[in-house]
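Participant: One structure, as structure tokens, below. Some questions next.
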Amino acid sequence: MATDEEMPDANGEPDEAHDVLPPPAMLPPPAGPPAGGGAATQSSEQPAAAGFIADPAESAGTYALPAAAQHAQMLQEEAIKQVELRRRMRATAVPVIDTDVRATLRQLGEPVTLFGEQQMERRARLRKLLAEMDEDEKVDKLGEPEPEQYVQPTVQKEKFYTEGSPALKAARLQIAHWSLERSMDRIGSAKRKRESPDEDEVAEILETVDLTRKVVSQSTELGDDRPIWACQFSPSGTELATAAWSGLVKLWTSPACQKTRTIKAHDNRITGLAWHPHAGAPGQPDTAPILATGSVDMSARLWSASGQELHRYLGHTDRLGRIAMHPMGRHLGTASFDQTWRLWDLETGDCLLEQEGHSRSVYALAFQRDGALAASGGLDAVGRIWDLRSGHSILALEGHVKTILSIDFSPNGYQLLTGSEDHTAKLWDLRKRKVLYTLPGHTSTVAQVQFEPNDGYYFMTAGYDNTIKLWGASDFKMTNTLAGHEGKVMGADISPDGSGLIASVGYDRTIKLWAPSS
Numbered sequence: 001m002a003t004d005e006e007m008p009d010a011n012g013e014p015d016e017a018h019d020v021l022p023p024p025a026m027l028p029p030p031a032g033p034p035a036g037g038g039a040a041t042q043s044s045e046q047p048a049a050a051g052f053i054a055d056p057a058e059s060a061g062t063y064a065l066p067a068a069a070q071h072a073q074m075l076q077e078e079a080i081k082q083v084e085l086r087r088r089m090r091a092t093a094v095p096v097i098d099t100d101v102r103a104t105l106r107q108l109g110e111p112v113t114l115f116g117e118q119q120m121e122r123r124a125r126l127r128k129l130l131a132e133m134d135e136d137e138k139v140d141k142l143g144e145p146e147p148e149q150y151v152q153p154t155v156q157k158e159k160f161y162t163e164g165s166p167a168l169k170a171a172r173l174q175i176a177h178w179s180l181e182r183s184m185d186r187i188g189s190a191k192r193k194r195e196s197p198d199e200d201e202v203a204e205i206l207e208t209v210d211l212t213r214k215v216v217s218q219s220t221e222l223g224d225d226r227p228i229w230a231c232q233f234s235p236s237g238t239e240l241a242t243a244a245w246s247g248l249v250k251l252w253t254s255p256a257c258q259k260t261r262t263i264k265a266h267d268n269r270i271t272g273l274a275w276h277p278h279a280g281a282p283g284q285p286d287t288a289p290i291l292a293t294g295s296v297d298m299s300a301r302l303w304s305a306s307g308q309e310l311h312r313y314l315g316h317t318d319r320l321g322r323i324a325m326h327p328m329g330r331h332l333g334t335a336s337f338d339q340t341w342r343l344w345d346l347e348t349g350d351c352l353l354e355q356e357g358h359s360r361s362v363y364a365l366a367f368q369r370d371g372a373l374a375a376s377g378g379l380d381a382v383g384r385i386w387d388l389r390s391g392h393s394i395l396a397l398e399g400h401v402k403t404i405l406s407i408d409f410s411p412n413g414y415q416l417l418t419g420s421e422d423h424t425a426k427l428w429d430l431r432k433r434k435v436l437y438t439l440p441g442h443t444s445t446v447a448q449v450q451f452e453p454n455d456g457y458y459f460m461t462a463g464y465d466n467t468i469k470l471w472g473a474s475d476f477k478m479t480n481t482l483a484g485h486e487g488k489v490m491g492a493d494i495s496p497d498g499s500g501l502i503a504s505v506g507y508d509r510t511i512k513l514w515a516p517s518s
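For the sequence shown, full-length UniProt numbering assigns the number 1 to the initial residue and increments by one for each residue that follows.
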């Protein structure tokens, strides 16, 4: 005889209720009235309405969710629909031109425009309408979409040139002749020093680098009412110029650090400062140019020894970064946040070259001592080397991960130093076309880098960690750390007179002079 679990139903199939319910012996006793005729029992609907599960012996059916749970389920379903709608809206292509948007709305039978609706709002409304429609409905109202025709892109493999002005051609010829003579003199001097029995270059390097270990603070002077952004020694080393966020340029004697002149150069922050290479030459009149400044007011200006403005260089469409004077003394370079750097004629004030090439703002600029090359660096973390004689970009310096803030060429002509917001400085070899060494000595932004201007036996880095660090150029070892500023070191310079004198300025508005203790 078959058991209860194996009994077929009227259709000859096993009863599903018997498959899921436990044997009768295991079921709890049915609820009934208390003995002796107690209070009336609750109906079977009351526990379900209160959120309780009924006795499975009474019914094998399911019960509706409580009202709160139903509301939460509706909210979740609506949120899922909105997410799906946004996904479809992102994948929906709509016309860009407003006339095409209006025409599509007209085809759909929708209002062409609503009261106060702008072009972007109209396009967003069309996108939502198309996302809510299925493909059949789109075909009924808009017709079959035209198949896209793939057009093979044309790759231009030939170089193209932008025709320059006759003045630029003449400037390139002048730079070429002048730089060739300078490079021949530099190479000849290096050969004579290497071959001469009286010269011991290794001992000279060791003596110079050893002198940097003795550099200590010599004097401190309050330089301005606002942070001082840049400082630079004159070509003879007898004067120091400082430029501050107040727009003032001040000239100081060196090494006494006595103020001699104040120039109201700009009405806004100064971002670049450069001495003329012939400033202070014997017999120069007071009207001769001595230095140039750049500012966030998008202009660069040339100043005479008497503080008179000689020229104003206008043309950039955004604020300027650093500026540099070409060593020949006839041209000025300016870097700008308009993603270009420019080459200007100092005498006429004409813009000879507007050089593009960076994908973001250009901040740093420097010229090689021979005058043949220029280096630029910007917010795209890439440095570029330009041949001023031909206009070609001959090398991209890729290695920094953040903005390049400072660039300087070594006196040997083939090494380059860059400082970056990524807390590092990098030493590059232009002959090997790669990084020689990465200097991780700072704990914050490296704002200024510079080689010793005479022989390049050592170099300097200054940063926002309030310190200046000195390094040997042959072994890349740190020789000294100059600490004393109470704020960011924003600018620094090494005197070209060979005394080892170093000037630094910063956010604490002070000028500090450093020199060997001997």
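Ideal Cβ positions, reconstructed from N, Cα and C, are used throughout, including at glycine. All figures in this text were calculated on a predicted structure; none of them were measured in a lab.
Apart from the five residues on each side of it in sequence, which residues of its chain come closer than 8 Å, Cβ to Cβ, to W471?
Facilitator: For the purposes of this step, residue 471 is taken as residue 471 along the sequence shown, with counting starting at 1. Excluding sequence neighbours, W471 sits near L439, G441, Y458, F459, M460, T461, K477, M478 and T479.
Participant: So, for N11: in the same chain, excluding its five sequence neighbours on each side, which residues have a beta-carbon less than 6 Å away from its beta-carbon?
Facilitator: Taking the sequence shown and counting its residues from 1, one reaches residue 11 at position 11. In this prediction, N11 scores a pLDDT of 44, lower than 50, which makes its location untrustworthy; no coordinate-derived value is stated.
Participant: Please confirm if the region 243-259 is in contact with the region 211-228, defined as three or more CB-CB distances below 8 Å between the two stretches.
Facilitator: yes
Participant: Count the other CB atoms within 10 Å of the CB of A483; is the residue buried (16 or more) or exposed (fewer)?
Facilitator: Locating residue 483 in the sequence shown gives position 483, where the first residue counts as 1. Counting Cβ neighbours within 10 Å, A483 comes out exposed, since fewer than 16 surround it.
Participant: When you compare the CB positions of M328 and G371, do they come within less than 8 Å of one another, or not?
Facilitator: In the sequence shown, counting from the first residue as 1, residue 328 sits at position 328. In the sequence shown, counting from the first residue as 1, residue 371 sits at position 371. Going by C-beta atoms, M328 is nearer than 8 Å to G371.
Participant: Tell me whether K469 is buried or exposed, calling it buried when 16 or more other Cβ atoms sit within 10 Å of its Cβ.
Facilitator: Position 469 of the sequence shown, counting from 1, holds the residue named residue 469. With 16 or more Cβ atoms within 10 Å of its Cβ, K469 is classed as buried.
Participant: Where L365 and S518 are concerned, what is the direct C-alpha to C-alpha distance, given to the nearest angstrom?
Facilitator: Locating residue 365 in the sequence shown gives position 365, where the first residue counts as 1. Locating residue 518 in the sequence shown gives position 518, where the first residue counts as 1. Rounded to the nearest angstrom, the two C-alpha atoms are 35 Å apart.
Participant: Using only CA atoms, which one of E354, G357 and R384 lies nearest to Q368?
Facilitator: Position 368 of the sequence shown, counted from the start, is the residue given in the question as residue 368. Selected option, being the one with the closest Cα: R384.
Participant: Looking at the structure shown, is M184 part of a helix, part of a strand, or coil, going by DSSP?
Facilitator: Within the sequence shown, residue 184 is the residue found at index 184, counting from 1. Reduced to three states, the DSSP call for M184 is helix.
Participant: Let me know if M120 comes out buried or exposed under the rule of 16 or more other beta-carbons within 10 Å of its beta-carbon.
Facilitator: One-based indexing of the sequence shown puts residue 120 at position 120. The residue in question, M120, is exposed, as its Cβ has fewer than 16 Cβ neighbours within 10 Å.
Participant: If you draw a straight line from the C-alpha of A57 to the C-alpha of Y63, how long is it?
Facilitator: As a first step, residue 57 must be located in the sequence shown, where it is residue number 57. As a first step, residue 63 must be located in the sequence shown, where it is residue number 63. Residue placement at A57 is poorly supported in this model, since its pLDDT is 45, which falls under 50; the coordinates still yield a value, given next. One C-alpha to the other measures close to 14 Å.
Participant: Using only the alpha-carbon positions, how far apart do A374 and A281 sit?
Facilitator: Within the sequence shown, the letter at position 374 stands for residue 374. Within the sequence shown, the letter at position 281 stands for residue 281. Here the alpha carbon of A374 sits roughly 25 Å from the alpha carbon of A281.
Participant: Give the single residue among H423, V435 and L130 whose Cα lies nearest to the Cα of S444.
Facilitator: Residue numbering aside, residue 444 sits at position 444 when the sequence shown is read from its first letter. Taking only the C-alpha atoms, the option nearest S444 is H423.
Participant: Counting along the chain, where does the beta strand (DSSP E) carrying L332 start and finish?
Facilitator: As a first step, residue 332 must be located in the sequence shown, where it is residue number 332. Counting along the chain, the beta strand (DSSP E) containing L332 begins and ends at H331 to S336.
Participant: In the DSSP assignment, find the alpha helix (DSSP H) that holds Q70 and state where it starts and stops.
Facilitator: Translated into the one-based positions of the sequence shown, residue 70 becomes position 70. Looking at the DSSP string, the run of the alpha helix (DSSP H) that includes Q70 is A67 to A91.
Participant: Just tell me which of F451, T162 and R87 has its CA closest to the CA of W428.
Facilitator: Within the sequence shown, the letter at position 428 stands for residue 428. When each option's Cα is compared against that of W428, the closest is F451.
Participant: With 16 other CB atoms within 10 Å as the buried threshold, where does H266 fall?
Facilitator: Looking up residue 266 in the sequence shown gives position 266. H266 is buried by the Cβ-count criterion.
Participant: Measure the alpha-carbon distance for T418 versus G164 and round it to whole angstroms.
Facilitator: The residue labelled residue 418 in the question sits at position 418 within the sequence shown. The residue labelled residue 164 in the question sits at position 164 within the sequence shown. Rounded to whole angstroms, T418 to G164 spans 30 Å at the Cα level.
Participant: So, L320 versus G272, is the Cβ gap smaller than 8 Å?
Facilitator: The sequence position of residue 320 within the sequence shown is 320, counting from 1. The sequence position of residue 272 within the sequence shown is 272, counting from 1. Less than 8 Å separates the beta-carbon of L320 from that of G272.
Participant: How about P255 and L501: are their beta carbons less than 8 Å apart?
Facilitator: Looking up residue 255 in the sequence shown gives position 255. Looking up residue 501 in the sequence shown gives position 501. Yes, the pair counts as a contact, with Cβ atoms nearer than the cut-off.
Participant: Keeping to the same chain, check which residues put their C-beta closer than 6 Å to that of L379; ignore five residues upstream and five downstream.
Facilitator: The residue labelled residue 379 in the question sits at position 379 within the sequence shown. Contacts found: R360, S361 and T403.
Participant: Which residue spans inside the UniProt repeat "WD" (355-396) form an unbroken beta strand (DSSP E) run of at least 3?
Facilitator: 362-367, 373-378 and 382-387
Participant: Using CA atoms only, rank isn't needed, just tell me which of L388, L352 and V296 is closest to W344.
Facilitator: Numbered from its first residue, the sequence shown carries residue 344 at position 344. Per the Cα distances, L352.
Participant: DSSP three-state call for H276: helix, strand or coil?
Facilitator: Along the sequence shown, one-based indexing puts residue 276 at 276. Reduced to three states, the DSSP call for H276 is coil.
Participant: Tell me which residue opens and which closes the alpha helix (DSSP H) that residue 576 is part of.
Facilitator: Because residue 576 is not part of the residues shown, which for the chain are 1 to 518, the question remains open.
Participant: Just to confirm my understanding: we take N268, look at its own chain, exclude 5 residues before and 5 after, and list those with CB closer than 8 Å. What are they?
Facilitator: Start at 1 with the first residue of the sequence shown, and residue 268 comes out as number 268. Result list for N268: G247, S295, V296 and D297, in chain order.
Participant: Which one of E347, L346, G349 and G333 has the shortest CA to CA distance from Q355?
Facilitator: Walking along the sequence shown from the start, residue 355 turns up at place 355. Comparing Cα positions, the closest option is G333.
Participant: Could you tell me the alpha carbon to alpha carbon distance between T41 and L65, rounded to whole angstroms?
Facilitator: As a working mapping, residue 41 is identified with position 41 in the sequence shown. As a working mapping, residue 65 is identified with position 65 in the sequence shown. Any reading at T41 is ruled out, since the residue's pLDDT is 41, under 50, leaving its predicted position unreliable.
Participant: Return the bridge partner residues of R106 from the DSSP annotation.
Facilitator: The residue given as residue 106 occupies position 106 in the sequence shown. According to DSSP, which records beta bridges pairwise, R106 is partnered with nothing at all.
Participant: So if DSSP puts Y458 in a beta bridge, which residue, or which two residues, is it bridged to?
Facilitator: Sequence index remark: in the sequence shown, residue 458 carries index 458 (1-based). G472, per the DSSP bridge assignment.
Participant: Can you tell me which of the three DSSP states P235 falls into?
Facilitator: As a working mapping, residue 235 is identified with position 235 in the sequence shown. Here P235 sits in coil by DSSP.
Participant: Going by DSSP, which residues form a beta bridge with T293?
Facilitator: Sequence index remark: in the sequence shown, residue 293 carries index 293 (1-based). DSSP, once it has assigned bridges, lists L273 and R301 as partnering T293.
Participant: In this structure, how does DSSP classify W178 when only helix, strand and coil are distinguished?
Facilitator: Residue mapping note: residue 178 aligns to position 178 of the sequence shown, counting from 1. Annotated three-state conformation of W178 is helix, per DSSP.
Participant: Can you tell me whether P235 is buried or exposed? The criterion is at least 16 other CB atoms within 10 Å of its CB, across all chains shown.
Facilitator: Mapped onto the sequence shown, residue 235 falls at position 235. With 16 or more other Cβ atoms within 10 Å, it is buried.
Participant: Please report the Cβ distance between L126 and V101, rounded to the nearest whole angstrom; I am assuming they are in contact, meaning their Cβ atoms lie under 8 Å.
Facilitator: What you label residue 126 is simply residue 126 of the sequence shown in a count that begins at 1. What you label residue 101 is simply residue 101 of the sequence shown in a count that begins at 1. At roughly 5 Å, the Cβ-Cβ gap stays under 8 Å, so L126 and V101 are in contact.
Participant: If I'm right that T287 touches S299 with Cβ under 8 Å, what's the distance once you round it to whole angstroms?
Facilitator: On the sequence shown, residue 287 is found 287 positions in, with the first residue counted as 1. On the sequence shown, residue 299 is found 299 positions in, with the first residue counted as 1. At roughly 21 Å, the Cβ-Cβ gap does not stay under 8 Å, so T287 and S299 are not in contact.
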